[in-house]
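Number of protein chains: 2
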Amino acid sequence: MAAMTRWLDPDEQRTWRAYLTASRVLMDTLDRELQREAGMPHAYYEILVQLSEAPGRQLRMSQLAQAAGSSRSRLSHAVARLEAAGWVRREDCPTDRRGQIALLTDEGFATLAAAAPGHVEGVRRHLFDALSPAQVDQLRRISETLADHLTGS
Amino acid sequence: MAAMTRWLDPDEQRTWRAYLTASRVLMDTLDRELQREAGMPHAYYEILVQLSEAPGRQLRMSQLAQAAGSSRSRLSHAVARLEAAGWVRREDCPTDRRGQIALLTDEGFATLAAAAPGHVEGVRRHLFDALSPAQVDQLRRISETLADHLTGS
DNA sequence: TCCCGGTGGTTGAATGTTCAACTAAACCGC
DNA sequence: GCGGTTTAGTTGAACATTCAACCACCGGGA
Chain A
15 MAAMTRWLDP DEQRTWRAYL TASRVLMDTL DRELQREAGM PHAYYEILVQ LSEAPGRQLR
75 MSQLAQAAGS SRSRLSHAVA RLEAAGWVRR EDCPTDRRGQ IALLTDEGFA TLAAAAPGHV
135 EGVRRHLFDA LSPAQVDQLR RISETLADHL TGS
Chain B
15 MAAMTRWLDP DEQRTWRAYL TASRVLMDTL DRELQREAGM PHAYYEILVQ LSEAPGRQLR
75 MSQLAQAAGS SRSRLSHAVA RLEAAGWVRR EDCPTDRRGQ IALLTDEGFA TLAAAAPGHV
135 EGVRRHLFDA LSPAQVDQLR RISETLADHL TGS
């Protein structure tokens, strides 16, 4: 049996459209800035950030995929590129012969350190500067609720 | 001279991370659902939606790109695919010989009509069901503020 | 020990997206 | 109506992502 579709009311429509537009433009803008200033897309930047914050600047591929919000396949391809750029190195995992460890090279760290100020400035200018402190708080709660809801189900 | 970087404080960090995660997971989820159920990515769905709401179910390529939040190049490629699928047709613009008009075919409209209930249900389940009415309102204001800020600058 | 389901990771092909270069036509000033 | 500039749209190549298939290894049980 086909249940009735719960359509969006005008307010929800408007919210959904506004959200779509805003998030798309925001990410496009940051992505373009990062590509121009650091020569890498935002997804690659995320990978370097996660590695830089991990103990020993290294992570198992699976954990890195998890942390960076990447599929395993996507990460494999991405790390291959990052390795070719000299920013990441792969090593065999000593405790699990299936495993691979990705580790951030000094060069990768330097590249990240050079890119970070510009990127943070972009996030501030395009996101935080536009919102009141109360809205920032609301956005945090909404995002955390949403993330829980999505990963929980 | 190099200005001091205005780094993110811990609250902002947390907000930014939560936002990144939530929006990525949300869009990934909806994209996968749409791909599975309708055989097209969300960006293509958006194009069909915009055409379906335009008078005469048709739009100039540039306006369509604007409405769907696509670059002109991206739209060209996308419409080529949609045309091959039989969902969109191209026609010459009578008033501007450079122009092309994209128009939604009956088949495209039928495909959209078939995909819409499932997609809307997904948006509701993954987004609106998780938020209180107050949060939905907050999200709308935040998104509209943000969109204004980004397109205004 | 042998098998077998599950996990870790890679690969290639198909698909999307971006970027820069390009054609053609409209617009504008003279 | 000529010449330069802008606008509309397409194209191909490089790059990124997805999907399904795959191999290798782990762990647990008969």
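From first to last, the protein sequence lines are chains A and B.
For the first sequence, our numbering begins at 15 and goes up steadily by one.
For the second sequence, our numbering begins at 15 and goes up steadily by one.
Even for Gly, the Cβ is constructed at its ideal location relative to N, Cα and C.
With fewer than 16 other beta carbons inside 10 angstroms of its own, residue 18(A) counts as exposed. With the rule of 3 Cβ pairs closer than 8 Å, the segment 29-42 of chain B counts as touching the segment 147-156 of chain A. Under the three-state reduction of DSSP output, residue 99(A) falls in the coil class, being neither helix nor strand. As the crow flies, the alpha-carbon of residue 43(B) is around 16 Å from that of residue 159(A).
Selection 117(A), 122(A) and 26(A) evaluated against residue 106(A) yields 117(A) as nearest (Cα-Cα). Boundaries of the alpha helix (DSSP H) harbouring residue 65(A): 56-67, taken from the DSSP string.
Residue 164(A): member of the alpha helix (DSSP H) spanning 147-166, first to last residue. Per DSSP, reduced to three states, the secondary structure at residue 20(B) is coil, with no helix or strand assignment. Using a Cβ-Cβ cut-off of 9 Å, residue 45(A) does not count as an interface residue toward chain B, since no Cβ of chain B sits closer than that to its own. Counting along the chain, residue 126(B) sits inside the alpha helix (DSSP H) bounded by residues 120-140. DSSP places residue 110(B) outside both helix and strand once states are collapsed to three, so it counts as coil. For residue 82(B), the enclosing alpha helix (DSSP H) starts and ends at 75-82.
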